[in-house]
Structure formats: C-alpha cells, structure tokens
Amino acid sequence: MDLVERHRELDTLQELFVRCRRGHGQIALLTGSVASGKTELLNTFADTASASGAVVLTATASRAEQPLQLGVMDQLLRQVTSTAEAPRNVQRLLEEPGTDGQPETSGEPIPPPHPQVMRALCGAVLGIAADRPVVLGVDDVQFADSQSLQTLLYIQRRMRSAPVLMILTEWSQARPGQLPFHTEVARLPYFSRLRLAPLSPDGVAELLAQHFDPPTVRQLTPAYYQTSGGNPLLVHALIEDYVSIEHPASPGTRAAPVVGESFGQAVLACLHRWEFALCRVARGLALLGDAASPHRLGRLLGMTADSATQVLDVLTTAGLAESGTFRHPRARAAVLRALAPSERSALHVRAAELLYQDGESPTTVAGHLIAADRADDRWAVNVLRGAAELALEDDEEPLAAACLELAQRECTDERDRAVITELLARAEWRSGPANADLRINGLRTALRDGHLSAHDSLTLVKYLLWHSRAGEAADVLRTQLSSQGTRSDRTDLQLAYLLLSFSHPPHFPSHPDVPSDVVGDGALPPAEEPWRRAAAALGVVLTRGPVDSAVGAAEHILQTCAMSDRTLETLLSALLALMYADHSHRAALLCDSLLEEAGGRRATVWRTQFWTLRSDIAMRLGDPLLAAEHARAALDALSATNCGIGIATPLSTAILATTAMGDLGEAAALLKRPVPEDLFRTWFGPPYLYARGQYFLAAGRTATALRDFHQCGALMSGWAIDHPSIAPWRSGVAQAQLLLGRADEARKSAEDQLALPGAGLRTRGVSLRLLAESSSPERRVPRLEEATEMLSEAGDRLELAVTLGALAEASRARGAFTRADAALEQAMELARGCHAPVLQQQLVSSARHAGGHDSVPRETDGLASLSRAERRVASLAGLGHTNRTISRKLGITVSTVEQHLTRVYRKLNVQSRAELPTGLPLRPVPTGVPSERACAHGPVNSLHQRTPAANC
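In the numbering used here, the protein residues as written are 10 to 961.
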C-alpha cells in the first residue's frame with residue numbers, strides 16, 4: 010500500500026542515505042503522534058535501502074522489555090552474527106555475562122555498559138560499514154533500555170565519517186523522558202529531525218481513494234477526517250467498519266459514514282502502545298466527559314495537573330481528543346467499556362465526589378452516582394433528589410426515575426425516603442398512572458409512620474382516587490385533618506376536602522374540621538400560593554357561582570403559572586373554575602396553550618387530562634366535532650386495563666358530541682364501553698347519565714331518557730352538589746317532558762333551574778329557551794330573545810342555533826316573518842358551523858315549510874381562506890359582539906381584533922360586520938348535509954329531536 014502524505018519525509022531519508030553512502034554518517038529522528046505512520050515509513054525506507062545493497066539492522070524497543078539491558082543492541086547485532094559481515098567477536102561478546110539482555114531488578118540506578126563492551130559493539134557496526142553502507146533502525150526509541158541508549162550515543166559520536174545511517178522513531182512528547190539522550194543527539198551536526206504531521210483532509214481522501222470510488226470518498230472524507238483527526242490507524246479502522254456493512258445496491262444511494270467496532274479497537278490499540286499514563290488519563294477523560302479539565306483529571310487520577318496536561322496533549326496530537334474531550338462518542342465508549350466494572354464504579358464514585366465539591370450541577374454529579382450504582386453518603390442522596398427535580402423540569406422522566414430509585418434504595422433516613430417516594434410517584438405518574446400505583450404502599454407506610462407532609466399526602470390521595478380507592482383516600486385525608494399541623498397545611502387539607510366533597514361526595518361528607526366558609530368571603534389566598542388560590546377559586550365557583558374575583562384569579566394563574574408536576578393540579582383547578590363559571594372562550598384558549606405544551610413535553614397523563622378538559626370546553630362552546638376529537642384522543646391514551654375513574658369525563662363528552670352530530674351508532678358503541686364500578690359514587694356519574702339521557706332522547710326513547718335525567722338529579726341533589734355546570738339535568742328533564750307533551754312539568758324544571766344560585770349565562774339561556782317553549786305563545790318571543798342574548802354572550806353556538814330556530818318559529822307564529830327569516834338564517838349558519846347535521850336538516854325542513862331556503866349555505870372560497878384566528882374573531886363579530894368584547898374573550902388586543910376583521914372583510918368581500926355570516930364555523934367543514942330520512946321532522950323544539958328507529 011502506498012504511503013500517504015509521507016513522500017517528503019521519504020525523500021529526505023533518501024537524501025540522507027545518499028550522504029551516508031558517500032561516507033558521511035547521518036542520524037534521523039522521526040517523531041510523530043501515536044500511530045502516525047512512523048513504523049511504516051521506517052520499514053518502507055529499510056526495504057529500499059536493502060534493495061540498494063545496504064546492510065539494514067532494525068530493532069523495536071518495547072516498554073515490556075525496557076528493563077532488559079542492552080536488549081535493543083542485542084536485537085540489532087544478532088541479525089549479523091551469522092553473516093559473513095559479522096566480526097568474529099560479536100556473538101561471543103553478546104553472550105558474555107552482563108551482556109545477554111538480563112533484566113535489572115535491584116532498583117538501583119543502572120550504570121552504563123562497560124567501555125570495552127561499547128567499544129566492541131561500536132567496532133562491530135563500523136566494521137560492517139567498512140564494506141557496505143549500514144542502516145540502523147530503532148523503532149519506538151522512547152522505550153529503549155538505558156544501556157542500549159548509551160551504546161547508540163557511543164556509536165553516533167564515532168560514525169561521522171562512516172557510511173552509517175541511524176534512523177530512530179519516537180512519539181512526539183511535550184517533555185521527552187530521556188533528556189540526556191535527546192540533548193546529546195540533537196547537538197550533533199549530522200542530526201536531522203523529521204516530524205510526521207497528522208493526515209490532512211486531502212490525505213484522508215487519498216487513503217480512502219485506495220478503497221472506494223470517488224463519490225464515496227467525497228461523502229466519507231469530512232466525517233472520517235473529523236473522527237480520526239488524521240490518524241492513519243484510525244482511518245484504516247474506519248475503512249474496515251465501512252466495508253463490513255451491507256451497502257445499498259443502487260450506486261446513487263450510498264451508506265452513511267460508519268464508526269464501529271474496528272474504530273473502537275483501534276482507539277484502544279493507540280492507548281496501549283504508549284505509557285500507562287495515557288490509558289489512565291484517557292479513562293479519566295472518558296469518565297468525566299465535558300466536565301474534564303487537567304486539574305480535575307489530576308485529582309481524579311492522583312497526578313499533577315501538569316502531568317495530565319502533557320498526556321492530554323498526546324491524546325490531542327494522536328487525533329483521539331479535541332478541545333479536551335474525545336473526538337467521537339465511540340472512542341469514549343470503547344475506553345469505558347474496557348474498564349473493569351469494579352474499577353469503573355470506583356472511578357465514578359470518586360468523580361461524583363470531586364464534581365460535588367466543585368459545585369457542579371446535580372445532574373452532572375447524579376450521572377456518575379447512577380453509573381456507579383452507589384450513593385453511600387447523605388450528600389449523594391440529596392444530589393440525586395435535586396437532579397430528579399431538575400430532570401422533571403426538563404421532562405427527562407427516565408433520568409428522574411433512575412435518580413430517585415437509587416436514592417430510595419440508598420437512603421437511610423425514613424423521612425427523606427418518604428419524600429423520595431412521593432417524588433418518584435409523581436415522576437412515574439407522567440407516563441401512566443399504573444406506574445405510580447406501585448408507590449402507593451410506600452406512601453401509605455410513610456404516612457402511617459408520620460414521615461409524609463400534609464401537602465405530600467394529597468399526592469397519595471390523588472393516586473388512590475384515580476384507582477377508584479376513594480374510601481382509602483378519605484381515610485387518609487381525615488387522618489391528616491385530625492393531626493396537628495401548621496395553619497397553612499390545614500388550609501390546604503380543608504380546601505382539598507371541600508373539592509372532594511363535590512367530586513366524591515359519598516366518601517367525603519361534611520366534616521367538623523372543614524367549615525362551609527373555608528373558601529372565605531371572596532378574598533382569595535395571595536398569588537404566591539397558586540395551588541391554594543386555584544382551589545379556592547374553584548370552590549367559590551362551585552358554591553357561589555361565577556364570582557368575578559374567582560374568575561380573575563383562575564385566569565391569572567393560567568397565564569402566570571408554569572406547568573410542572575407540582576403545578577398540574579393547580580392548572581386543572583383553574584381551568585375547571587373558568588369552565589364552570591361559563592367563561593369557556595378564555596378557558597379554551599388557555600387550555601389549547603397548555604395542551605400544546607404538554608404534547609411537546611411528552612407527558613402522556615398531562616396531555617390526557619388537558620384533552621379531557623378541552624373536549625368538555627368544546628362541547629360547552631357548541632363545537633361537537635372538536636369535542637369528539639379531543640375526547641377520543643383522551644380515551645385512546647387511557648389504558649384499557651388501567652384507565653381508572655379518568656375515563657368517565659371523556660367518555661361522557663364523546664357520547665354527547667357524537668349524539669349532537671347525529672352519529673348515534675358511534676354513541677351507542679361508546680355506551681357499551683365498561684366504566685369503573687365507583688363511577689356513580691363520584692361527580693363523574695351525573696354527566697355520564699346526562700349524556701346517556703341525551704342519546705336516548707335522540708334515539709326516540711324518551712321515557713328511558715327521562716329516567717336517566719331524574720337519576721342524575723337524584724344523585725346531585727342527594728349529594729348537595731346540584732350545580733348545573735356539572736350536569737344540567739333539569740334541562741334534560743324539560744326536553745323530555747316537552748317531547749311527551751307535558752308542558753307544565755317542563756316549565757317547572759326550567760323555572761327551578763333558573764332559580765338556582767350561581768347559574769351562569771349558558772345555563773340561564775338554555776333554561777329560558779325551555780321555559781319559552783313550555784309557555785303560552787305570546788310569552789315565547791321575549792323569553793327566546795333574552796335567551797339568544799345570553800347564549801350569544803356565553804358562546805354556546807349549538808344551543809344558540811337551537812334557540813334561534815325556536816325563535817324563528819315563534820316569530821312566524823306571531824306574523825313577524827322578517828324576524829323569523831333572519832333568525833332562521835342565523836340558526837342554519839350556526840348549525841352548519843357546529844357540525845350538527847340533524848339540527849341542520851330540521852332547520853332546512855322548517856325553512857321549506859315556511860317557503861324559504863331550499864338548501865344550506867356552503868363553505869365559499871372566501872370562508873375557506875380564513876385562518877383559525879380570523880375565524881374566531883369573525884364568528885364572534887357575526888354574533889354581534891363588539892371589538893372590546895371579542896378582545897376580552899379571546900385574550901388579544903383590540904388592535905389585533907381590528908386587524909383580523911380587516912383581513913376577514915377583504916377575503917369575504919363584505920363592507921362591515923353586519924354582512925358577516927352569523928354561524929361562521931371555527932374551521933373548514935364538509936358541505937354535505939344528511940338526507941331527510943336520517944333526520945327528524947317537525948318543529949325545532951329541542952337540541953335532540955326524535956329520529957327514526959332505523960338510526961338508533
């Protein structure tokens with residue numbers, strides 16, 4: 010194989026050989042980094058010199074043979090003892106005692122050879138040179154024994170007029186170990202030094218060209234140069250790795266650069282060729298990684314920083330390291346893999362101690378503790394805890410779990426172990442509640458022994474509730490309430506108990522330690538206590554209705570509180586407060602932002618919980634298509650074997666949404682899904698009964714629906730959580746009674762719902778519409794007009810469409826045809842935008858009976874060109890909202906609203922908001938409508954009309 014980028018050095022040796030043949034002795038010292046090609050160059054020249062008639066004597070010094078005195082000279086001269094050129098006394102001289110390569114084991118300084126020995130050996134060389142030129146080659150002279158070096162110096166001083174060329178190869182070192190030898194050689198006038206540099210990118214390309222075609226060479230050269238640093242041995246190893254894989258059959262598709270096993274073996278070969286210090290520093294460098302420095306390496310390995318620096322320089326010139334770290338991860342991995350497990354563990358422990366003392370980040374220190382699988386001291390356990398907290402913030406849940414599992418195993422303090430167990434449960438909760446379930450027993454033990462704080466006990470309560478173990482959760486909370494604690498802890502426990510008395514009322518009845526006014530008189534906790542503030546805001550909404558202070562606090566929390574394991578419940582409580590207060594527009598925007606963040610952070614459970622809430626919010630805004638989409642995403646994410654009570658809300662919303670869209674087959678399939686046994690002992694039960702009742706209404710099973718609505722009401726009333734935002738069961742009763750022709754009963758249900766304290770705009774609007782439909786004709790229009798205003802403000806487009814349809818019929822019955830046509834047109838646009846085909850066809854039928862529209866307006870090119878933000882603004886403007894109201898609902902500035910409207914007017918070719926379509930959909934929708942066979946006939950008097958049995 011041809012030498013690469015070594016021709017200049019080879020030519021220099023040829024010139025020196027020419028001078029040698031003329032009787033002018035020459036000395037050449039070839040220096041270069043580890044595996045830089047010195048040996049190959051020496052052997053190539055030796056072959057050339059031998060072919061030209063010179064006597065070539067070579068020896069290779071070795072670290073293992075360095076104690077063998079005159080060992081190098083023995084290698085050189087034994088090659089000539091059996092030849093005609095050898096002086097007769099050489100063989101006898103080498104076999105004399107003291108000159109046969111015996112090792113020096115006394116530990117005393119080694120004396121130089123006897124002058125007679127050096128004279129005889131020198132004479133032997135010069136004697137051979139009397140007849141033919143002699144080339145003496147010593148490879149790796151840095152490992153030569155001291156007596157051979159002395160003899161070589163003796164020869165060098167006497168070969169100036171002899172045809173002798175002495176070539177020595179040596180590794181480049183900042184400070185050569187044999188200083189007297191180098192000083193003596195370098196001052197001789199016939200001495201030349203040749204330095205072998207690493208291969209350049211062109212040199213790497215030339216080497217690759219000996220094996221591959223030009224396109225492959227162009228592809229591999231940059232990566233292989235960077236990986237090898239121009240070290241020929243490493244480049245050859247990379248070539249072996251590349252040819253060992255299967256390559257694409259197509260010449261136009263070539264495999265990417267490969268760094269494999271051969272490269273790793275070559276790295277180790279480089280290290281083991283040098284002094285042991287090179288291996289030691291390489292191991293320390295591999296272990297410390299980016300945290301390595303000469304000072305730290307010295308402390309880790311028990312050497313001075315100056316010594317570590319020298320070895321780092323060798324690693325750098327050898328192409329193994331760059332800027333104080335390995336050039337390629339494979340090199341680092343090979344060095345670490347070569348360490349014995351016990352040695353590697355001990356080094357990791359030592360590294361962790363050093364980095365901890367230096368104040369490095371807990372994450373860096375914890376990495377070494379995990380690699381060592383040890384955390385012997387309390388400081389190590391604390392570091393692992395801190396690293397786990399940081400890992401959770403950075404969404405590195407596997408790292409957090411690894412830190413906490415090691416900390417839990419090594420921790421000897423039971424109180425600390427309880428905190429670690431709670432952290433571990435929270436870390437595992439992200440990816441699935443089943444994982445956290447494994448920690449429940451540990452948390453219960455910590456609680457029993459008094460090692461779990463009041464706030465951390467709420468984590469245990471949450472996991473127990475998820476797994477339908479509400480009785481145990483109640484016992485935990487009651488035990489904590491009866492214990493003595495700080496005022497702050499007590500407030501947290503009381504607020505948690507209050508909220509659980511709504512969500513799991515049979516298990517959390519009234520408690521003497523939880524006063525009814527625990528949420529205060531409207532003055533919420535300060536902003537620096539976000540969980541307490543969010544819980545109090547939700548409690549206020551549930552007990553007093555949409556109080557402004559609670560709504561403002563919830564919105565502030567959602568805008569300012571960062572998402573983490575500790576704040577998740579805070580954000581969910583704030584979203585619930587906004588949703589139950591009928592501020593669904595703001596809740597939707599803020600939930601969208603949280604959902605996007607949760608998705609980017611790979612937190613499965615977080616995203617599932619936000620999907621669940623977002624589906625509920627979408628349904629309250631009259632967007633069943635989006636509600637179904639998010640509900641299905643939540644259901645898909647929940648494990649079939651471990652979904653827990655969390656399945657209830659997305660399942661209920663999916664049933665409502667598919668029913669609203671007329672997909673009764675899908676709704677029926679959803680109703681067949683198993684639900685937790687404890688469902689109807691939680692506040693998730695009433696919404697499920699309400700959704701099932703709506704399905705039965707749409708399927709024409711009115712009596713069955715009425716039973717579900719009554720059961721829903723009985724549960725909520727019996728539990729004292731009769732809040733229409735949880736489940737408006739009276740609306741369902743009124744709808745069923747109207748279909749059964751019982752106007753008086755329907756009217757009473759609507760009036761009772763209107764009289765409930767804290768009913769929001771959406772609830773009141775629906776109640777007024779039902780009250781109007783059960784009232785005498787002359788009282789319907791005013792009530793329907795008032796209901797329209799409320800629902801428009803609340804943002805429920807589906808209920809608004811139903812109400813406008815009813816208003817159109819009531820107006821037509823009173824002869825107000827213009828008002829009826831306008832209301833009907835608005836209702837039809839809204840129904841189409843809400844993806845409610847059954848309602849849409851009912852309105853079409855109503856229009857045909859009235860002699861009006863024959864079809865439903867379809868999406869135009871202008872509508873299709875609107876962005877999502879423009880649709881939101883246009884839809885609210887079309888409902889009559891002012892720019893200021895739109896800005897408040899959407900959380901944007903008035904100026905942004907104006908800019909969106911300007912673009913909307915241009916795209917829709919309208920001049921003002923008065924020309925905007927009232928029912929503009931929030932996203933592009935299909936333009937088809939179902940046939941009349943799939944839809945109900947007759948007047949529009951409820952959200953879900955009776956449909957033919959064929960569709961049930």
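The beta carbon of each residue, even a glycine, is placed where N, CA and C say it ideally should be.
Owing to the predicted nature of the structure, the values given are computational and were not obtained by experimental measurement.
How many angstroms separate the CA atom of Val173 from the CA atom of Ala153?
As a first step, residue 173 is located in the sequence shown; it is residue number 164 there, counting from the start. As a first step, residue 153 is located in the sequence shown; it is residue number 144 there, counting from the start. Each residue's alpha carbon lies about 20 Å from the other.
Cα separation between Glu249 and Val27?
By one-based count along the sequence shown, residue 249 stands at place 240. By one-based count along the sequence shown, residue 27 stands at place 18. About 38 Å.
Report the option in Val790, Ala743, Asp753, Leu748 whose CA atom is closest to the CA atom of Ser776.
Taking the sequence shown and counting its residues from 1, one reaches residue 776 at position 767. Ser776 has its Cα closest to that of Ala743, out of Val790, Ala743, Asp753, Leu748.
For the beta strand (DSSP E) that Ile664 lies in, which residues bound it at each end?
Counting from one through the sequence shown, the residue named residue 664 turns up at place 655. Taken as a continuous stretch (DSSP letters only), Ile664 belongs to no beta strand (DSSP E), being part of the alpha helix (DSSP H) at 657-669.
Hey, out of Pro683, Ser201, Pro535, whose CA is closest to Ile36's CA?
Along the sequence shown, one-based indexing puts residue 36 at 27. Looking at the Cα atoms, Ser201 is the closest of the given residues.
Bounding residues of the alpha helix (DSSP H) (the contiguous stretch that carries Leu580):
For the purposes of this step, residue 580 is taken as the residue at position 571 of the sequence shown. Here the alpha helix (DSSP H) through Leu580 covers 577-589.
Quickly, what does DSSP pair Phe200 with across the bridge? List them, please.
Indexing the sequence shown from 1 puts residue 200 at position 191. Phe200 is bridged to Ile36.
Residues sharing a beta bridge with Thr67, DSSP
Here the question's residue 67 lines up with position 58 in the sequence shown. Answer is Gly146.
Should the segment 265-272 be called in touch with the segment 319-333, which here means at least 3 C-beta pairs below 8 Å?
no
Give the secondary structure of Val847 by DSSP, where H, G and I count as helix, E and B as strand, and everything else as coil.
By 1-based counting over the sequence shown, the position of residue 847 is 838. Val847 falls in the helix class under three-state DSSP.
Buried or exposed, going by whether 16 or more other CB atoms sit within 10 Å of the CB of Ile254?
For the purposes of this step, residue 254 is taken as residue 245 along the sequence shown, with counting starting at 1. Exposed, because fewer than 16 other Cβ atoms sit within 10 Å of the Cβ of Ile254.
Per DSSP, what kind of secondary structure is Glu179 in: helix, strand or coil?
Walking along the sequence shown from the start, residue 179 turns up at place 170. In this structure, Glu179 counts as strand in the three-state DSSP scheme.
To which residues of the same chain is Ala300 closer than 7 Å at the C-beta, ignoring the five residues directly before and after it?
Here the question's residue 300 lines up with position 291 in the sequence shown. Cβ neighbours of Ala300 beyond the five flanking positions: Leu364, Glu369, Thr373.
Alpha carbon to alpha carbon, what distance is there between Val144 and Leu19?
Numbered from its first residue, the sequence shown carries residue 19 at position 10. Numbered from its first residue, the sequence shown carries residue 144 at position 135. Looking at the two C-alpha atoms, the distance is approximately 14 Å.
Could you give the residue range of the alpha helix (DSSP H) that holds Glu74?
Residue mapping note: residue 74 aligns to position 65 of the sequence shown, counting from 1. Looking at the DSSP string, Glu74 is not in any alpha helix (DSSP H), and its letter there is neither H nor E.
Just checking, does the segment 504-514 make contact with the segment 692-705 on the three C-beta pairs under 8 Å criterion?
yes
Do three or more CB pairs link the segment 490-501 to the segment 462-482 at distances below 8 Å?
yes
Between the segment 414-432 and the segment 605-622, can you find at least three pairs of beta-carbon atoms closer than 8 Å?
no
On the DSSP bridge assignment, give the partners of Ala330 in chain order.
Mapped onto the sequence shown, residue 330 falls at position 321. Per DSSP, Phe335.
In three-state terms, what does DSSP make of Leu348?
Locating residue 348 in the sequence shown gives position 339, where the first residue counts as 1. If DSSP states are grouped into helix, strand and coil, Leu348 belongs with coil.
Whole angstroms are fine: how far does the CA of Trp738 sit from the CA of Leu763?
The residue labelled residue 763 in the question sits at position 754 within the sequence shown. The residue labelled residue 738 in the question sits at position 729 within the sequence shown. Each residue's alpha carbon lies about 12 Å from the other.
DSSP three-state label for Cys29, please.
As a working note, residue 29 is residue 20 in the sequence shown. Helix.
Reduced DSSP secondary structure (H/G/I, E/B, other) of Gly480
In the sequence shown, counting from the first residue as 1, residue 480 sits at position 471. Helix, per DSSP.
Simplified DSSP assignment, three categories, for Leu2
No answer is possible for residue 2: it lies beyond the span of the chain, which begins at 10 and ends at 961.
Could you check whether the segment 846-859 touches the segment 879-897, counting it as contact only if at least three pairs of C-beta atoms, one from each stretch, sit closer than 8 Å?
no
Determine the contact status of Leu50 and Leu12, defining contact as a CB-CB distance below 8 Å.
As a first step, residue 50 must be located in the sequence shown, where it is residue number 41. As a first step, residue 12 must be located in the sequence shown, where it is residue number 3. It is a contact, given that the beta carbons lie within the stated cut-off.
Close Cβ partners of Thr711 (< 8 Å) along its chain, the five nearest in sequence each way excluded
The count along the sequence shown starts at 1 and reaches residue 711 at position 702. Same-chain partners within the cutoff: Phe705, Ala745, Leu748, Leu749, Arg955.
Does the beta-carbon distance from Ala70 to Val150 come in below 8 Å?
For the purposes of this step, residue 70 is taken as the residue at position 61 of the sequence shown. For the purposes of this step, residue 150 is taken as the residue at position 141 of the sequence shown. Yes, they are a contact pair.
Quick one: grab the DSSP three-state call for Val903.
Taking the sequence shown and counting its residues from 1, one reaches residue 903 at position 894. Helix.
By the 10 Å Cβ neighbour count, where 16 or more other Cβ atoms means buried, how is Asn450 classified, buried or exposed?
Within the sequence shown, numbered from 1, the residue matching residue 450 stands at position 441. Answer is exposed; the Cβ neighbour count stays below 16.
Pairwise C-alpha distance: Trp728 and Gly900
Translated into the one-based positions of the sequence shown, residue 900 becomes position 891. Translated into the one-based positions of the sequence shown, residue 728 becomes position 719. Their backbone Cα atoms lie some 36 Å apart in a straight line.
Assumed close pair Tyr697, Ser661 - CB separation to whole angstroms, cut-off 8 Å
For the purposes of this step, residue 697 is taken as the residue at position 688 of the sequence shown. For the purposes of this step, residue 661 is taken as the residue at position 652 of the sequence shown. Tyr697 to Ser661, Cβ: 5 Å. Contact.
Leu413 to Leu452 span [Cα, whole Å]
Translated into positions along the sequence shown, residue 413 becomes position 404. Translated into positions along the sequence shown, residue 452 becomes position 443. C-alpha separation (whole angstroms): 14 Å.
Determine whether the beta carbon atoms of Leu779 and Leu809 lie at a separation below 8 Å.
In the sequence shown, the residue the question calls residue 779 occupies position 770. In the sequence shown, the residue the question calls residue 809 occupies position 800. Not in contact: Leu779 and Leu809 (Cβ atoms no closer than 8 Å).
Less than 8 Å between the beta carbons of Ile664 and Arg701, yes or no?
For the purposes of this step, residue 664 is taken as the residue at position 655 of the sequence shown. For the purposes of this step, residue 701 is taken as the residue at position 692 of the sequence shown. Result yes, Cβ atoms of Ile664 and Arg701 sit closer than 8 Å.
Quick one: what's got a C-beta closer than 8 Å to Glu402's C-beta in the same chain, skipping five residues either side?
Within the sequence shown, residue 402 is the residue found at index 393, counting from 1. Hits under 8 Å: Ser573.
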